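S.K.: Mapping the sequence shown onto UniProt numbering, position 22 (from 1) lands on 22, and the numbers just tick up by one. Here a beta-carbon is modelled for each residue, glycine too, at the ideal position from N, C-alpha and C. A quick note: this is a predicted structure, and the numbers were derived from the prediction, not measured. Below is a structure I'd like to ask you about.
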Amino acid sequence: MKVEKNNVIALTYSLRIPDTDGETDVVEVVTEEDPMYFIQGISGLPEGFENQIEGLVAGDIFEFTVAPEEGYGEFDEEAIVELPKAVFQMEDVNQDELLQIGNIIPMTNEDGERMHGQVVEIKDDIVVMNFNHPLAGKEMHFKGQIISIRPATAEEISHGHVHGAGGVHHH
């Protein structure tokens with residue numbers, strides 16, 4: 001079997017991204033003990049990633065780079081937003097602990113969409129948040145191996161994710 005749409009893929013990989021000095025740092029490693037499972041074509045992974053592994057078979061080793069435009073997009077200056085500190089006042093939440101530089105805070109925008117923002121700066125009554133994906137604007141270097149491939153079940157396809165080994169368990 002090949003990596004094709006609606007097949008469940010299990011794979012291992014390491015992800016490196018360039019740091020400020022142009023060296024590449026490993027930021028994520030998925031090993032054979034705990035491979036990543038996904039359904040090709042509806043994985044939620046960057047299109048550039050799926051395109052690169054399309055057609056591979058179990059045992060194949062891959063190594064490729066995904067450019068920002070095929071990954072998580074370019075860094076968007078407009079995604080840096082100043083919010084009043086009052087937005088973060090919630091019961092049972094220690095605001096000083098919540099509002100630390102570097103913290104990632106799940107939030108909801110005006111349309112009710114969930115977003116994750118990172119605290120970049122804290123001023124007197126303003127919090128500067130960055131809503132860019134952490135990998136926006138980054139070249140992603142993937143290296144890994146296809147472990148197994150099987151057809152997804154109709155239920156998995158309708159739910160959009162893998163069930164059973166390595167997948168989402170419904171109760």
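For residue 142, which of helix, strand or coil comes out of DSSP?
M.R.: Reduced to three states, the DSSP call for residue 142 is strand.
S.K.: Hey, which unbroken runs of the alpha helix (DSSP H) at 4 residues or more fall wholly within the stretch 92 to 123?
M.R.: Counting whole runs of 4 or more residues, the stretch 92 to 123 contains the alpha helix (DSSP H) stretches 95 to 98.
S.K.: Kindly confirm or deny that the stretch 126 to 143 and the stretch 70 to 87 touch, where touching means at least three C-beta pairs closer than 8 Å.
M.R.: Because the criterion of three Cβ pairs below 8 Å is met, the stretch 126 to 143 and the stretch 70 to 87 touch.
S.K.: Quick one: measure Cβ to Cβ for residue 6 and residue 157, integer angstroms, because I've assumed they're closer than 8 Å.
M.R.: Indeed, because the Cβ distance is near 6 Å, the residues count as touching under 8 Å.
S.K.: Span of the alpha helix (DSSP H) holding residue 158?
M.R.: 154 to 159 is the span of the alpha helix (DSSP H), which, as asked, contains residue 158.
S.K.: Rounding to the nearest angstrom, what Cα-Cα distance links residue 36 and residue 11 in this structure?
M.R.: Their backbone Cα atoms lie some 5 Å apart in a straight line.
S.K.: Note down, in chain order, each residue of its chain lying with its Cβ closer than 8 Å to the Cβ of residue 162, except the 5 sequence neighbours on either side.
M.R.: Taken in chain order, the residues that qualify are 8, 37, 38, 39, 152, 156, 168.
S.K.: Determine the DSSP secondary structure at residue 68, reduced to helix, strand or coil.
M.R.: In this structure, residue 68 counts as helix in the three-state DSSP scheme.
S.K.: With DSSP run on the structure shown, which of helix, strand or coil describes residue 51?
M.R.: Three-state result, residue 51: helix.
S.K.: By how many angstroms is the C-alpha of residue 145 removed from the C-alpha of residue 94?
M.R.: Taking the straight line joining both Cα atoms gives about 44 Å.
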